[in-house]
């Protein structure tokens, strides 16, 4: 097994391992350490079953839940008869029964932190690409350690002790979840309170924790000041110097971040 850094602000590719087979303890430890060091891992040319995916996720911590499960929603928006409850299908394919094969479809997913609307942040997300176009459709990631470290001192001081609301109302493509009412005032959006600067429990390093821009709100600020400060933070963060964009190129591949 070889760990090859991307040369970008984050990410490494891991080669020489077949994730459809049991991973020995030594390789599990190396993979976890590589994840902590590189934030995003890429595994190319993998053909994995649902059981393989469920086994792989155990390398990174206790088994997690899907967004709908975390929100306590039914989540039966597509045919799940053959899909484990703790796996989400993302697809733009319509089945013969006229029902979508998965969620999101071909919609653009905006910058977000997976499942940040929960009280305890999840440790990792695993994406397995099965059928994708030969070009386009990049999946992108940001290094929130570097974004925080490079933040101007005055901006960092303004958010150091601030908490933000992470809204539950919209999915990552900006569509409102039907179980929630439309929000006109972000300060009143149902969600979860998180510090804007977190300390990672493994590395001990400080990083930004932003969630989604849509319906974001910084507590204890007037709404207009919250909006202006959030715009400033997101403009600082969403830059190429903190960015990894990867195309899985039509191959069965897995990414973890």
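Residue numbers (this note's numbering): 1217 to 1473.
Virtual Cβ for every residue (Gly too), placed ideally from N, Cα, C.
DSSP, reduced to helix, strand and coil, places residue 1422 within a strand of the structure shown. A residue is called buried when at least 16 other Cβ atoms come within 10 angstroms of its Cβ; residue 1326 does not meet this threshold and is exposed.
Judged by DSSP secondary structure, residue 1269 falls within the alpha helix (DSSP H) whose first and last residues are 1266 to 1273.
By the Cβ criterion, the segment 1415 to 1426 is in contact with the segment 1354 to 1374, since at least three pairs of Cβ atoms, one from each stretch, lie closer than 8 Å.
Under the Cβ criterion (8 Å, minimum of three pairs), the segment 1392 to 1410 counts as touching the segment 1428 to 1436.
Setting aside the 5 residues that flank it on each side, residue 1333 is surrounded in the same chain by 1382, 1384, 1407, 1408, each with a C-beta closer than 6 Å to its C-beta; the list follows chain order.
Where residue 1414 is concerned, the enclosing beta strand (DSSP E) starts and stops at 1413 to 1415.
Setting aside the 5 residues that flank it on each side, residue 1411 is surrounded in the same chain by 1379, 1425, each with a C-beta closer than 7 Å to its C-beta; the list follows chain order. As computed with DSSP, residue 1379 is found in a beta bridge with 1411. In this model, residue 1460 and residue 1343 are separated by some 15 Å (Cα to Cα). Residue 1273 counts as buried, since no fewer than 16 other beta carbons sit within 10 angstroms of its beta carbon. In this structure, DSSP gives residue 1448 a helical state, which the three-state scheme calls helix.
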